[in-house]
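K.L.:
I have a structure here, written as structure tokens, and I will follow up with some questions on it.
4 protein chains.
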Amino acid sequence: MLTLSQAEKMIAGAKAQAAVLDTKMNIAIVDAGANLLAFARMDGAWLGSLDISIKKAKTARFFDMNTGSIGELAQPGGPLYNIEHSNGGLISFPGGIPIKNAEGEVIGAIGVSGSTVENDHAVAEAGVKILDAELVA
Amino acid sequence: MLTLSQAEKMIAGAKAQAAVLDTKMNIAIVDAGANLLAFARMDGAWLGSLDISIKKAKTARFFDMNTGSIGELAQPGGPLYNIEHSNGGLISFPGGIPIKNAEGEVIGAIGVSGSTVENDHAVAEAGVKILDAELVA
Amino acid sequence: MLTLSQAEKMIAGAKAQAAVLDTKMNIAIVDAGANLLAFARMDGAWLGSLDISIKKAKTARFFDMNTGSIGELAQPGGPLYNIEHSNGGLISFPGGIPIKNAEGEVIGAIGVSGSTVENDHAVAEAGVKILDAELVA
Amino acid sequence: MLTLSQAEKMIAGAKAQAAVLDTKMNIAIVDAGANLLAFARMDGAWLGSLDISIKKAKTARFFDMNTGSIGELAQPGGPLYNIEHSNGGLISFPGGIPIKNAEGEVIGAIGVSGSTVENDHAVAEAGVKILDAELVA
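Chains as they are written, first to last, in my numbering: chain A, 377 to 513; chain B, 377 to 513; chain C, 377 to 513; chain D, 377 to 513.
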């Protein structure tokens, strides 16, 4: 089970990476039930990225894969075309990553929004790595 | 902070430009928090453009850029494909423009809908110019 | 048919009455189709009253009566108990008044929110009187 | 303007008070535009309180008063009966408190949910006091 303490460390790690990239991010963490566990909007971050970060985290947990992978399948003509209409709205571009425990089970997800999708993904990944490091230690 | 008086002058300016272009527009102004500040639907304007004008204004403030710029990134295969599913529905074609104060800070946005996207954008721009002129004076 | 010009005069009259009462109001006008025609949020008015003013105007037009009259019927044990769950949310306390033309036909409604329900109703009434005066003239 | 750093200190203070009261809380902070700034759900806290805490914070900012004060006016027969149907859902029992700056202006709100309304309010108040102490210092 993902704890609030772990989520807060992940957000701190994500914020640090956001600062390295000179970006301002919305960062959301959901638990195994895809329910919001922790959230932070950095000063000056896009207001519209608030909802996107939460939707990315939910989307990543809903399907246990990176949001960008869903987006590849959701293009016109693709097998999951317009899947974004489900679940009250999905976001299917990069920035959402499942969170796994030491046994590889998905216990939640992180969603990041506020810059390019490359930066969003990199900041989400930085958050995930914080937990991975803690689980190994 | 954007005042109602400023918003009303912007709507008046936008309406004047809409008349010049022989169009009938819905015009919405939101504040820095993306909350509606003022709205006007010109007689005979499309009913469906009511919601579009408000969503354009919100979208422009959500991401501090013209709605058309978001649309370029949101095409199939693009990095923000289907971003419109966030925030209760975005509109990503032209007609929404952020409103800035004399220091260049975004203090709200205007959204216009009722004609071609070129006309919508031109009318929104006319509204923004009213405020710019006032801020300079 | 209610025109934008008439709606704007009604809003101006309502704002004047709001100032007399030393209140800050959200003022919404809907047309015969219960669709928003014009809106103004006075500087410093409650943010939550934005949606309430629009819902009051819609509610008054939905049933062609003052919102407070609906509220009397919507109390626990009353015939319309919890009618507020319909139509995406109604507001059934005072502040919404139907707008009638010279023939007495309902052509829209005004909704006001931002103070006590007595003040809200008084400001809505001031808006309606502006139109009545114009129709007589 | 309320900063993320201030919001995080408020959440830390609220969590400390929640522990003192032996409760598990959802804690939400919104900014002046009623948009989510930071959120934390303590381990084991009620899942349904997630949304309630956010709605309490929004409600307190929407009307610049404690949520419990709105609830007193929203009882059957009261002037604001069923106001909760507005704004996508309000929560009108205690646990939401406006956040003010040193000049007394409302710059956001805190919402807490997870225990009795007395405890919810006490934990929200603990969060507000953290900011008050910082503003004085």
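Where a beta carbon is used, it is the ideal one built from N, C-alpha and C, also for glycine.
Would you please state the rounded distance, in angstroms, between the beta carbons of residue 433/B and residue 487/B? I believe it to be under 8 Å.
P.N.:
About 3 Å separates the two Cβ atoms, so the contact holds.
K.L.:
Out of 422/B, 503/B and 513/B, which one is the CA nearest neighbour of residue 390/B?
P.N.:
When each option's Cα is compared against that of residue 390/B, the closest is 503/B.
K.L.:
Would you mind listing the beta strand (DSSP E) stretches within the segment 439-487 of chain C that are 3+ residues and don't spill past its ends, in chain order?
P.N.:
Counting only runs of 3 or more, we get 472-476.
K.L.:
Looking at residue 484/B and residue 402/B, is the spacing between their C-beta atoms short of 7 Å?
P.N.:
No; because the gap between Cβ atoms is not below 7 Å, this pair is not in contact.
K.L.:
Rounding to the nearest angstrom, what Cα-Cα distance links residue 400/B and residue 460/A in this structure?
P.N.:
Rounded to whole angstroms, residue 400/B to residue 460/A spans 33 Å at the Cα level.
K.L.:
So, are the CB atoms of residue 387/D and residue 436/D less than 7 Å apart?
P.N.:
Taking 7 Å as the Cβ cut-off, residue 387/D and residue 436/D do not qualify as a contacting pair.
K.L.:
Mind checking if residue 465/D is an interface residue toward chain B, Cβ cutoff 7 Å exclusive?
P.N.:
Not an interface residue.
K.L.:
What are the uninterrupted segments assigned as beta strand (DSSP E) that are 3 or more residues long and contained completely in the segment 382-433 of chain A, given in chain order?
P.N.:
Listed in chain order, they are 402-407 and 412-417.
K.L.:
Judging by CA-CA distance, which residue of 421/B, 412/B, 480/B and 419/B is the nearest neighbour of residue 418/C?
P.N.:
Of the candidates 421/B, 412/B, 480/B and 419/B, the one whose C-alpha sits nearest the C-alpha of residue 418/C is 412/B.
K.L.:
Answer yes or no: do residue 475/B and residue 431/B have a C-beta to C-beta separation smaller than 7 Å?
P.N.:
Not closer than 7 Å, so no.
K.L.:
Can a CB atom of chain A be found closer than 7 Å to the CB of residue 418/D?
P.N.:
Taking Cβ atoms only, chain A reaches closer than 7 Å to residue 418/D, which makes this a yes.
K.L.:
Based on the DSSP secondary-structure assignment, which residues constitute the bridge partners of residue 489/A?
P.N.:
Paired residues: 402/A.
K.L.:
Please tell me whether residue 493/A has its Cβ less than 7 Å away from any Cβ of chain B.
P.N.:
Yes, residue 493/A lies at the interface with chain B (some Cβ there is under 7 Å from its Cβ).
K.L.:
For residue 382/B and residue 405/B, I'd like the C-alpha separation in whole angstroms.
P.N.:
About 10 Å.
K.L.:
Measuring only between beta-carbons, confirm whether residue 438/D sits less than 7 Å from chain C.
P.N.:
It does; some Cβ of chain C falls within 7 Å.
K.L.:
Please name the residue, chosen from 394/A, 378/A and 479/A, that lies closest to residue 471/A on a Cα-to-Cα basis.
P.N.:
The shortest Cα separation from residue 471/A among 394/A, 378/A and 479/A belongs to 394/A.
K.L.:
Determine the DSSP secondary structure at residue 435/D, reduced to helix, strand or coil.
P.N.:
Of the three classes helix, strand and coil, the one that applies to residue 435/D here is helix, per DSSP.
K.L.:
With DSSP as the reference, label residue 380/C as helix, strand or coil.
P.N.:
DSSP places residue 380/C in helix when its eight states are reduced to three.
K.L.:
Quick one, are the C-beta atoms of residue 378/B and residue 407/B less than 7 Å apart?
P.N.:
Yes, the pair counts as a contact, with Cβ atoms nearer than the cut-off.
K.L.:
Going by beta carbon distance, what residues of the same chain come within less than 7 Å of residue 469/D, once the five residues before and after it are set aside?
P.N.:
Excluding residues within five positions, the ones whose Cβ falls inside 7 Å are 443, 444, 447 and 493.
K.L.:
Around the C-beta of residue 440/C, are 16 or more other C-beta atoms found within 10 angstroms, so that it is buried, or is it exposed?
P.N.:
By the 10 Å Cβ count, residue 440/C comes out exposed.
K.L.:
Nearest CA to the CA of residue 409/D: which residue from 423/A, 396/A, 409/A and 481/A?
P.N.:
That would be 423/A, whose Cα lies nearest to the Cα of residue 409/D.
K.L.:
Which word fits residue 479/A, buried or exposed, when buried means at least 16 other C-beta atoms lie within 10 angstroms of its C-beta?
P.N.:
Counting Cβ neighbours within 10 Å, residue 479/A comes out exposed, since fewer than 16 surround it.
K.L.:
From residue 420/A to residue 482/C, what does the alpha carbon distance come to, in whole angstroms?
P.N.:
Near 46 Å, if we compare the C-alpha coordinates of residue 482/C and residue 420/A.
K.L.:
Identify whether residue 502/B lies in helix, strand or coil by the three-state DSSP scheme.
P.N.:
Helix.
K.L.:
Check the Cβ of residue 443/C against every Cβ in chain B and list those closer than 9 Å, keeping chain order.
P.N.:
Under the 9 Å cutoff, chain B gives no residues; its nearest Cβ is about 20 Å from residue 443/C.
K.L.:
Can residue 427/A and residue 463/B be called in contact, C-beta distance under 7 Å?
P.N.:
Closer than 7 Å, so yes.
K.L.:
Taking the C-alpha atoms as reference points, what is the distance between residue 454/A and residue 438/B?
P.N.:
Using only the alpha carbons, I get a separation of about 29 Å.
K.L.:
Can you tell me whether residue 513/C is helix, strand or coil according to DSSP?
P.N.:
Coil.
K.L.:
Anything in chain A within Cβ reach of residue 453/B, meaning under 8 Å, just list it in chain order.
P.N.:
What residue 453/B touches in chain A: 451.
K.L.:
Quick check: the Cα distance between residue 425/A and residue 451/D, rounded to an integer number of angstroms?
P.N.:
Taking the straight line joining both Cα atoms gives about 37 Å.
K.L.:
Report, in whole angstroms, the separation of the C-beta atoms of residue 456/D and residue 477/D, which I expect to be a contact under 8 Å.
P.N.:
Actually they are not in contact, since the Cβ atoms of residue 456/D and residue 477/D sit about 27 Å apart, beyond 8 Å.
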